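Residue numbers (the numbering used here), protein chains in the order written: chain V, 24 to 155; chain Z, 24 to 155.
In this text, a Cβ means the ideal position worked out from N, Cα and C, and glycines have one as well.
These numbers were taken from a predicted model, which means no experiment stands behind them.
Below you'll find the structure, written out as C-alpha cells, and then a few comments.
Protein chains: 2
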Amino acid sequence: MNYETLLKQHQLKITPQRIGILNMMHSAGHITIENLFEEIKKQFSSISLATLYKNINSMLDSSLITEVKAPNYKTHYEITKTPHAHFVCTSCGEHKDVEFDMSNLCKNLVDESTYEVAKTSVIVSGLCPDCK
Amino acid sequence: MNYETLLKQHQLKITPQRIGILNMMHSAGHITIENLFEEIKKQFSSISLATLYKNINSMLDSSLITEVKAPNYKTHYEITKTPHAHFVCTSCGEHKDVEFDMSNLCKNLVDESTYEVAKTSVIVSGLCPDCK
DNA sequence: AAGTCAAATAAGAATAATTATCTTTTAAGA
DNA sequence: TCTTAAAAGATAATTATTCTTATTTGACTT
C-alpha cells in the first residue's frame with residue numbers, strides 16, 4: 024500500500040512532507056526525531072522542525088505510526104505494522120523487529136476478566152548476532 | 024533491606040537526599056521526575072533539580088533503579104526489583120507491577136544461540152479493574 | 001576525634017527538546 | 001476555479017536536561 028492511501032485512511036491530509044517522512048521511516052525501519060530531521064532536510068531543505076514534530080504527533084494520534092521507547096535509548100518511530108516485539112542491541116544500538124504473538128502473551132499476563140488490554144509493548148535488549 | 028545498605032551495595036555515597044528519593048520512589052511505586060521533585064521538595068526545600076537528575080542518572084547507571092518508559096507516558100522510575108511486567112491504565116494513568124516470568128518469555132522471542140538477551144521490558148496498556 | 005579528599009549539593013547558566021503563535025501557503029472538496 | 005480548513009514555515013516560548021562553579025559533606029585515615 025502506498026502512503027497516499029495510508030494517510031487518507033487515517034484522515035490526514037496528503038502533503039509532500041508527510042510522504043517524505045513516511046518514506047524515511049520506512050527505509051530506516053525505526054528512526055529518531057533528530058535522525059529523521061537530518062534525513063528529511065536533504066529532501067525538503069526548508070522544512071521546519073515544528074512541522075516534523077506536528078506530523079509525528081498527528082500520525083501518532085491516528086496510530087499511523089508507533090513510538091518505540093526502549094530503556095536507555097531515545098524514542099524511535101516506525102510505521103505501524105502488525106503487533107511485534109523489538110530487540111535493541113546494547114552494542115550497536117540497532118532496533119530490530121521481532122515476530123511475536125502478543126495476544127498469546129497477554130493471556131498469561133493479566134486476568135482479562137478484570138483488566139482490558141489494549142496494547143502491549145515488548146522490548147528486549149542485549150547483543151545482536153553481529154555484535155555477539 | 025534499608026536504603027543505606029542498598030546504596031552501599033551499589034557503591035553510591037549515602038546522602039539524606041538519596042535516602043529521601045528512594046523513600047519517595049518506594050512509597051509511590053513508580054514516579055516521574057517532576058512528581059519526585061515536587062514531593063522531595065517538601066522534605067528538602069532547597070534541593071536542586073540538578074541534584075535530582077544526577078542522582079537519578081547515577082542510580083540508573085548502577086541499576087539501583089529502573090526506568091519504565093510506557094508509550095504515550097512520561098518516564099517513570101522505580102527501585103529495581105525482580106523482573107516483572109507493567110500495566111499502564113490509559114484512563115487513570117496508574118502504573119502497576121505485574122508478576123511475570125521474563126526468562127520464559129525470551130525463549131519464545133529470539134533465538135538465544137544467536138542473540139544474547141540481557142533485559143526484557145514488557146508494558147501492557149489498557150483499562151485497569153477500577154476504570155473498566 | 002580531627003584531618004583529608006573525592007564526591008555530592010546548590011544555584012543558576014547553558015543547552016537541548018518540544019510546543020505554541022502567527023502568517024503564508026496549499027490540499028481537497030464544492 | 002473558488003473556498004476553506006488544515007498544514008507549512010519561521011521563530012518565540014516553554015519545558016526538560018545537562019553543565020559549571022563554589023561550597024559542603026560523607027567516608028576513610030590516622
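Sequence-distant Cβ neighbours of G43 (chain V) in its own chain, meaning closer than 7 angstroms and more than five residues away, are I63, Q66, F67. Distances from the CA of I102 (chain V) to each of V:P39, V:T38, V:I37, V:N46 were compared; the closest alpha carbon is that of V:N46.
The C-beta distance from G116 (chain V) to Y96 (chain V) rounds to 7 angstroms, short enough to meet the 8 angstroms contact threshold. In this chain, C151 (chain Z) is not harboured by any beta strand (DSSP E), its DSSP state being neither H nor E. The criterion of a C-beta distance shorter than 9 angstroms is satisfied by V145 (chain V) and S144 (chain Z). In the DSSP assignment, E90 (chain Z) falls within the beta strand (DSSP E) that extends over 88-91. Cβ contact annotation for M82 (chain Z) (same chain, cutoff 6 angstroms, sequence separation greater than five): I88, in chain order.
Note on geometry: alpha-carbon atoms of D124 (chain V) and K142 (chain V) lie some 12 angstroms from one another. Interface flag for G149 (chain V) against chain Z is set, since a Cβ pair is found closer than 9 angstroms. I37 (chain Z) counts as exposed, since fewer than 16 other C-beta atoms from the protein chains shown sit within 10 angstroms of its C-beta. The three-state secondary structure of D84 (chain Z), taken from DSSP, is helix. Residue environment analysis places K77 (chain Z) among the exposed positions, since fewer than 16 neighbouring C-beta atoms fall within 10 angstroms of its C-beta.
For the set Z:I56, Z:D84, Z:T55, the Cα lying nearest the Cα of Q34 (chain Z) is the one of Z:D84.
Legend: CB atoms of the region 109-141 of chain Z lying less than 8 angstroms from CB atoms of chain V belong to residues F110, T113, V121, F123, L128, C129, N131, L132, V133, T137, Y138, E139, V140, A141. Classified as buried, H118 (chain Z) has 16 or more neighbouring CB atoms from the shown chains inside 10 Å of its CB. Residues of the region 73-94 of chain Z with a C-beta atom less than 9 angstroms from some C-beta of chain V are L83, T89, E90, V91, K92, A93, P94, listed in chain order. When 8 angstroms is used as the limit between beta carbons, K155 (chain V) is near these residues of chain Z: T137, Y138, E139, in chain order. Closest in alpha carbon position to D120 (chain Z), among Z:L128, Z:S136, Z:A108, is Z:A108. If you check the CB distance, L150 (chain V) and Y138 (chain Z) come in under 9 angstroms. With contacts defined by Cβ atoms closer than 9 angstroms, L30 (chain Z) and R41 (chain Z) form a contacting pair.
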